[in-house]
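*Asks:* Numbers 808 to 961, taken from our numbering, label the letters of the sequence shown in order.
Here a beta-carbon is modelled for each residue, glycine too, at the ideal position from N, C-alpha and C.
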Amino acid sequence: MLNKGDKAKDFTLSSDKGEKITLSSFTGKSNVILYFYPKDDTPGCTTEACDFRDNFASINKKGTVVLGVSPDDIQSHQKFISKQNLNFTLLSDPDHKVAEMYGAWGEKKNYGRVYEGLIRSTFIIGKDGLIKEAFYNVKATGHVQKVVARLESL
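Structure (C-alpha coordinates):
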(Lines of atoms letter the chains of each structure in order from A and count residues from 1; the text may use other names and numbers.)
(Lines give C-alpha, C1' and ligand atoms only; values in the text may rest on other atoms or scores of the structure.)
Protein backbone atom coordinates (compact mmCIF):
# COMPACT_ATOMS: atom_id res chain seq x y z
CA MET A 1 0.00 0.00 0.00
CA LEU A 2 1.18 3.48 -0.80
CA ASN A 3 0.37 6.46 1.38
CA LYS A 4 0.49 10.23 1.31
CA GLY A 5 4.13 11.36 1.09
CA ASP A 6 5.41 8.16 -0.53
CA LYS A 7 7.22 8.30 -3.86
CA ALA A 8 4.91 7.10 -6.63
CA LYS A 9 6.09 3.83 -8.16
CA ASP A 10 7.10 4.24 -11.78
CA PHE A 11 5.65 2.08 -14.54
CA THR A 12 5.08 1.94 -18.27
CA LEU A 13 1.75 0.72 -19.70
CA SER A 14 0.04 0.77 -23.10
CA SER A 15 -2.60 3.45 -23.60
CA ASP A 16 -5.90 3.35 -25.45
CA LYS A 17 -4.02 4.90 -28.40
CA GLY A 18 -1.42 2.11 -28.39
CA GLU A 19 1.30 4.40 -27.03
CA LYS A 20 3.57 3.49 -24.14
CA ILE A 21 2.93 5.84 -21.20
CA THR A 22 5.51 6.11 -18.41
CA LEU A 23 4.39 7.72 -15.16
CA SER A 24 7.73 9.45 -14.53
CA SER A 25 7.36 11.34 -17.84
CA PHE A 26 4.90 13.63 -16.00
CA THR A 27 7.37 14.51 -13.21
CA GLY A 28 8.07 18.24 -13.20
CA LYS A 29 5.29 18.85 -15.74
CA SER A 30 1.89 17.78 -14.38
CA ASN A 31 0.06 16.47 -11.37
CA VAL A 32 -1.49 13.06 -12.11
CA ILE A 33 -4.74 11.52 -10.95
CA LEU A 34 -4.07 7.80 -11.27
CA TYR A 35 -7.21 5.78 -10.74
CA PHE A 36 -7.66 2.02 -10.80
CA TYR A 37 -11.04 0.59 -11.76
CA PRO A 38 -12.19 -3.02 -12.25
CA LYS A 39 -13.73 -3.18 -15.73
CA ASP A 40 -14.69 -1.07 -18.72
CA ASP A 41 -18.37 -0.38 -19.38
CA THR A 42 -19.75 -1.75 -16.10
CA PRO A 43 -22.15 0.38 -14.03
CA GLY A 44 -19.82 1.60 -11.25
CA CYS A 45 -16.83 2.03 -13.54
CA THR A 46 -18.92 3.96 -16.06
CA THR A 47 -20.22 6.26 -13.30
CA GLU A 48 -16.69 6.97 -12.09
CA ALA A 49 -15.26 7.49 -15.59
CA CYS A 50 -18.09 9.84 -16.58
CA ASP A 51 -17.59 11.83 -13.36
CA PHE A 52 -13.90 12.29 -14.27
CA ARG A 53 -15.01 13.28 -17.79
CA ASP A 54 -17.52 15.81 -16.46
CA ASN A 55 -14.97 17.33 -14.06
CA PHE A 56 -12.10 17.30 -16.55
CA ALA A 57 -12.06 21.08 -17.12
CA SER A 58 -11.56 21.87 -13.43
CA ILE A 59 -9.00 19.05 -13.09
CA ASN A 60 -7.08 20.19 -16.16
CA LYS A 61 -7.11 23.81 -14.94
CA LYS A 62 -5.01 22.64 -11.97
CA GLY A 63 -2.33 21.32 -14.36
CA THR A 64 -3.43 17.75 -13.79
CA VAL A 65 -3.83 14.78 -16.12
CA VAL A 66 -6.13 11.82 -15.51
CA LEU A 67 -4.95 8.25 -16.13
CA GLY A 68 -7.43 5.40 -15.67
CA VAL A 69 -6.02 1.88 -15.25
CA SER A 70 -7.80 -1.47 -15.54
CA PRO A 71 -6.92 -5.00 -16.64
CA ASP A 72 -8.94 -4.51 -19.86
CA ASP A 73 -7.16 -4.58 -23.22
CA ILE A 74 -6.62 -1.61 -25.52
CA GLN A 75 -9.58 -2.49 -27.77
CA SER A 76 -11.92 -2.56 -24.78
CA HIS A 77 -10.58 0.83 -23.65
CA GLN A 78 -11.13 2.28 -27.14
CA LYS A 79 -14.76 1.12 -27.17
CA PHE A 80 -15.34 2.46 -23.64
CA ILE A 81 -13.86 5.86 -24.53
CA SER A 82 -15.92 6.08 -27.71
CA LYS A 83 -19.18 4.98 -26.08
CA GLN A 84 -18.84 7.31 -23.07
CA ASN A 85 -17.05 10.18 -24.87
CA LEU A 86 -14.20 10.09 -22.35
CA ASN A 87 -11.61 12.87 -22.58
CA PHE A 88 -8.66 11.29 -20.77
CA THR A 89 -6.26 8.37 -21.20
CA LEU A 90 -6.95 4.77 -20.21
CA LEU A 91 -4.08 2.35 -19.59
CA SER A 92 -4.08 -1.42 -19.90
CA ASP A 93 -2.67 -3.47 -16.99
CA PRO A 94 -3.65 -7.01 -18.12
CA ASP A 95 -1.47 -8.88 -15.62
CA HIS A 96 -2.37 -6.37 -12.84
CA LYS A 97 1.30 -5.83 -11.94
CA VAL A 98 0.89 -2.05 -11.60
CA ALA A 99 -2.31 -2.47 -9.58
CA GLU A 100 -0.37 -4.79 -7.26
CA MET A 101 2.48 -2.24 -6.94
CA TYR A 102 -0.06 0.34 -5.78
CA GLY A 103 -1.96 -1.99 -3.43
CA ALA A 104 -5.00 -1.86 -5.72
CA TRP A 105 -5.17 -5.62 -6.25
CA GLY A 106 -6.21 -8.01 -3.52
CA GLU A 107 -8.93 -9.94 -1.78
CA LYS A 108 -12.49 -8.84 -2.47
CA LYS A 109 -15.81 -10.05 -1.14
CA ASN A 110 -19.04 -9.95 -3.10
CA TYR A 111 -22.28 -11.67 -2.05
CA GLY A 112 -20.36 -14.03 0.24
CA ARG A 113 -17.83 -14.94 -2.44
CA VAL A 114 -14.14 -14.22 -1.77
CA TYR A 115 -11.82 -13.70 -4.74
CA GLU A 116 -8.78 -11.74 -5.96
CA GLY A 117 -9.55 -8.63 -7.95
CA LEU A 118 -8.96 -4.97 -8.54
CA ILE A 119 -9.73 -2.71 -5.58
CA ARG A 120 -11.08 0.63 -6.78
CA SER A 121 -8.38 3.12 -5.74
CA THR A 122 -7.20 6.61 -6.68
CA PHE A 123 -3.92 8.44 -6.18
CA ILE A 124 -3.16 12.12 -6.58
CA ILE A 125 0.49 12.39 -7.57
CA GLY A 126 2.22 15.76 -7.47
CA LYS A 127 4.59 17.22 -10.05
CA ASP A 128 7.36 16.19 -7.64
CA GLY A 129 6.42 12.51 -8.06
CA LEU A 130 5.12 12.18 -4.50
CA ILE A 131 1.70 10.87 -3.56
CA LYS A 132 -0.38 13.78 -2.27
CA GLU A 133 -3.40 11.61 -1.44
CA ALA A 134 -4.30 7.92 -1.61
CA PHE A 135 -7.91 6.72 -1.67
CA TYR A 136 -8.43 2.94 -1.29
CA ASN A 137 -11.56 0.84 -1.68
CA VAL A 138 -13.64 3.81 -2.81
CA LYS A 139 -17.27 3.95 -3.87
CA ALA A 140 -17.70 5.05 -7.48
CA THR A 141 -20.54 7.50 -6.81
CA GLY A 142 -19.35 10.81 -5.39
CA HIS A 143 -15.69 9.81 -5.31
CA VAL A 144 -14.52 12.16 -8.05
CA GLN A 145 -15.90 15.16 -6.16
CA LYS A 146 -13.69 14.21 -3.18
CA VAL A 147 -10.67 13.91 -5.48
CA VAL A 148 -11.36 17.32 -7.06
CA ALA A 149 -11.80 18.93 -3.62
CA ARG A 150 -8.46 17.48 -2.49
CA LEU A 151 -6.81 18.65 -5.71
CA GLU A 152 -8.11 22.17 -5.06
CA SER A 153 -6.30 22.20 -1.70
CA LEU A 154 -2.88 21.40 -3.18
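What span of residues does the beta strand (DSSP E) with V875 cover, start to end?
*Replies:* It is Gly, not Val, that sits at residue 875 in the sequence shown. Taken as a continuous stretch (DSSP letters only), the beta strand (DSSP E) holding G875 covers 871 to 877.
*Asks:* Does DSSP put E923 in a helix, a strand or coil?
*Replies:* Note: E923 maps to strand in three-state DSSP.
*Asks:* From which residue to which residue does the alpha helix (DSSP H) around G936 run?
*Replies:* From DSSP, G936 is part of no alpha helix (DSSP H); its letter is neither H nor E.
*Asks:* Taking the alpha-carbon positions, what's the H950 to G870 distance?
*Replies:* Cα to Cα, H950 sits roughly 20 Å from G870.
*Asks:* For R860, tell me which candidate among E959, R957, Q952, L961 has the shortest Cα-Cα distance.
*Replies:* It is Q952.
*Asks:* Indicate the three-state DSSP secondary structure (helix, strand or coil) for G851 in the structure shown.
*Replies:* Helix at G851.
*Asks:* Who are the near neighbours of M908 in its chain, counting only those whose CB is closer than 6 Å to its CB and skipping five residues on each side?
*Replies:* Excluding sequence neighbours, M908 sits near K816.
*Asks:* Report the residue from N944, H884, K886 whose alpha carbon sits nearest the alpha carbon of G910.
*Replies:* Closest option to G910, Cα to Cα, is N944.
*Asks:* Could you check where the beta strand (DSSP E) with F895 kicks off and where it finishes?
*Replies:* Run containing F895: none; DSSP gives neither H nor E here.
*Asks:* Please state whether the Cβ-Cβ distance between Q891 and A856 is less than 8 Å.
*Replies:* Yes, these two residues count as a Cβ contact at 8 Å.
*Asks:* Mind checking E929: buried by the 16 CB within 10 Å criterion, or exposed?
*Replies:* Looking at the sequence itself, residue 929 is Thr, so the reference to Glu does not match. So T929 counts as buried.
*Asks:* Write down the C-beta distance between I866 and I840 rounded to the nearest angstrom, noting that I regard them as a contact closer than 8 Å.
*Replies:* Between I840 and I866 the Cβ distance is about 7 Å, and since that is below 8 Å, they are a contact.
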